[in-house]
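Read left to right, the sequence shown gives residues -24 to -1, 1 to 188 (mature numbering (1 follows the signal peptide of the UniProt record, and there is no 0)).
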Amino acid sequence: MHLSSSLFTALSLLCLSGPSGVQSWTNYSLHSIITRQARQSSFPPLSAGFGASSDKKKEGKTATPLKPKQQWDRYLALKRAPRVMVGVQIQDTDDWLPVGSVKAKDTAALEAAVLRQRALIAEHAKRLFPLQVTAKTKLNWGMMITEKGRDEGSWKTLDPKSFTSADVLDKDIGFEGTPDAASGFYCVYDQGKILNASGSGTEQRSPAFKKK
């Protein structure tokens, strides 16, 4: 073990002094210095971040929450884009609750469009079905699949774990919920009356989006 300057000074004093009170003080100082050095050498230096591992993987950024009116505007702007009915299913039940429709620039992006906007879909489900869907209700998200030549379709359950925010651009998708007269969400107005024909034109919608 290398001797520090303090330890070297103390040893020098010990050599120069005889068996006196100075020697007793020196022995005490030597003990204190050696003990302090032993404690310091027993703890390795901490890395940056108060001992946090420097090779810790960076967590992915959380996707920015979407705004209902903005996504409704985008939905209406995608006039001829592919559209699909969307809904939620209370977990451990069989029934699906239709909530609205989703659009995307191309058909291949529809599933990603539903999952990216699933928070908006869940929030609107709580407005439409307040007795069945609450903040604590565990939901499945799905889209209606209809084969060509058939009027009826079947619900396809989508897995949120299969989606990342890089799968689709927010500006290329949109969501329009079923009109809800109680809250005014997704309602189209004509002279103060709800037309109940969602998506019939931005000029007829309430400028506040939500009825006051």
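Glycine included, every Cβ here is placed at the ideal spot set by N, Cα and C.
- Message: I need the DSSP call for residue 162, collapsed to helix, strand or coil.
- Response: Taking the first residue of the sequence shown as position 1, residue 162 is located at position 186. Residue state, collapsed to three classes: coil.
- Message: Beta-carbon within less than 7 Å of residue 21's beta-carbon, same chain only, minus the 5 sequence neighbours each way: which residues are those?
- Response: As a first step, residue 21 is located in the sequence shown; it is residue number 45 there, counting from the start. Unreliable placement is indicated for residue 21, whose pLDDT of 46 sits below 50; no coordinate value is reported for it.
- Item | Those residues which DSSP pairs with residue 65 across a bridge | Translated into positions along the sequence shown, residue 65 becomes position 89. Residue 65 pairs with 72, 116.
- Task: Would you kindly check if the distance between the Cβ of residue 42 and the Cβ of residue 95 is under 8 Å?
- Result: Here residue 95 is taken as the residue at index 119 of the sequence shown, counted from 1. Here residue 42 is taken as the residue at index 66 of the sequence shown, counted from 1. Cβ distance < 8 Å, so residue 95 and residue 42 count as in contact.
- Message: Which residue wins for smallest C-alpha separation from residue 89, given the options 147, 129, 122, 65?
- Response: Within the sequence shown, the letter at position 113 stands for residue 89. Comparing Cα positions, the closest option is 147.
- Query: Which two residues bound the contiguous alpha helix (DSSP H) that contains residue 91?
  - Reply: Within the sequence shown, the letter at position 115 stands for residue 91. 86 to 92 is the extent of the alpha helix (DSSP H) around residue 91.
- Message: Just to confirm my understanding: we take residue 38, look at its own chain, exclude 5 residues before and 5 after, and list those with CB closer than 7 Å. What are they?
- Response: What you label residue 38 is simply residue 62 of the sequence shown in a count that begins at 1. For residue 38, where only same-chain residues beyond five positions count, there are no Cβ hits under 7 Å.
- Item | In DSSP terms, what residue 99 is bridged to | Translated into the one-based positions of the sequence shown, residue 99 becomes position 123. Paired residue(s): none; residue 99 is not in a bridge.
- First through last residue of the alpha helix (DSSP H) which encompasses residue 52: Within the sequence shown, numbered from 1, the residue matching residue 52 stands at position 76. Unbroken alpha helix (DSSP H) run through residue 52: 44 to 53.
- Query: Could you give the residue range of the beta strand (DSSP E) that holds residue 129?
  - Reply: The residue you call residue 129 lines up with position 153 of the sequence shown. From DSSP, residue 129 is part of no beta strand (DSSP E); its letter is neither H nor E.
- Is the beta carbon of residue 152 sitting closer than 8 Å to the one on residue 77? Locating residue 152 in the sequence shown gives position 176, where the first residue counts as 1. Locating residue 77 in the sequence shown gives position 101, where the first residue counts as 1. Closer than 8 Å, so yes.
- Message: Please state whether the Cβ-Cβ distance between residue 115 and residue 66 is less than 8 Å.
- Response: Position 139 of the sequence shown, counted from the start, is the residue given in the question as residue 115. Position 90 of the sequence shown, counted from the start, is the residue given in the question as residue 66. Cβ distance < 8 Å, so residue 115 and residue 66 count as in contact.
- Query: What did DSSP end up calling residue 79 once you bin it into helix, strand or coil?
  - Reply: Numbered from its first residue, the sequence shown carries residue 79 at position 103. Residue state, collapsed to three classes: strand.
- Message: Give me, in chain order, the residues of the same chain whose beta-carbon lies closer than 8 Å to that of residue 104; leave out the 5 immediate sequence neighbours on both sides.
- Response: Against the sequence shown, residue 104 aligns to sequence position 128. 73, 75, 153, 154, 156.
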